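Chains as they are written, first to last, in the numbering used here: chain A, 426 to 487; chain B, 5 to 202.
So this is what it looks like as structure tokens:
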């Protein structure tokens, strides 16, 4: 499987580590376009920066 | 103060393990428990801590969830590597305000460790509040440890005026709890920072 491109930390510019995914049902209610029909909610990714510890949540990319 | 667990010292950044006192009730005995837990966590080498008292937090009650975030609390949760919840058992459940406060964040908790300390006036030491919190922890993305803190008969365990611990056995019991919590916090920090989903 091809390695994902690392997200750049908005806090310090370091490379973030993608370590979690979660379905957010309330987000899908607020923004129906964000709903992934296979999960019934918005699929979110979580990335953490090893340097400054910031965690970023964003819509899943795949 | 003595320093516990010198083997927990980390070569890099210290672990940050805040303690959340989960009840605002007047006359609460959980405050003595939280102070005791805070002192034991603070004594661990390589660990920093801070007490967050729901009584001192000004969260809105006309909304809920991430819409009512408190910037300072969210920043602390983002910095945290693990949490300790000190929660009394009220009618077999957790204080509603504790859930209200916890629900104000999400991404801040993902893949972080949590240990729960139950408090009760009766003989069961908050076992039911702990059991009721477990599915909440899981949904918030927190990872529970398998040691609990149980403080039954809390009115007999601490001096009601000074808060001094009257039952020395709790020192060793809590050390087992914090040993597991620190281990889990280290493992999860390594995972958050280095182990990627493929």
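In this text, a Cβ means the ideal position worked out from N, Cα and C, and glycines have one as well. Since we're looking at a predicted model, the values are computed, not measured.
Between the segment 88–99 of chain B and the segment 111–120 of chain B there are three or more inter-stretch CB-CB distances shorter than 8 angstroms, so the stretches are counted as touching. Contact annotation for residue 482 of chain A against chain B: 111 [CB-CB distance below 7 angstroms, chain order].
Inclusion of residue 19 of chain B and residue 173 of chain B in the CB contact set at 7 angstroms is not warranted, their separation being larger than that value.
Taking 7 angstroms as the threshold, the shortest C-beta distance from residue 472 of chain A to chain B does not fall below it. Per DSSP, the unbroken beta strand (DSSP E) holding residue 23 of chain B starts and ends at 23–25.
Secondary structure note for residue 197 of chain B: it is in no beta strand (DSSP E), and the uninterrupted alpha helix (DSSP H) holding it is 173–198. A residue is called buried once 16 or more other Cβ atoms fall within 10 Å of its Cβ, and residue 162 of chain B is buried on that count. Interface flag for residue 435 of chain A against chain B is unset, since no Cβ pair is found closer than 7 angstroms.
The Cβ of residue 149 of chain B sits no closer than 7 angstroms to any Cβ of chain A. The segment 68–76 of chain B makes contact with the segment 99–117 of chain B; the number of CB pairs closer than 8 angstroms reaches 3 or more. With contacts defined as CB atoms closer than 7 angstroms, residue 469 of chain A and residue 449 of chain A qualify as a contacting pair.
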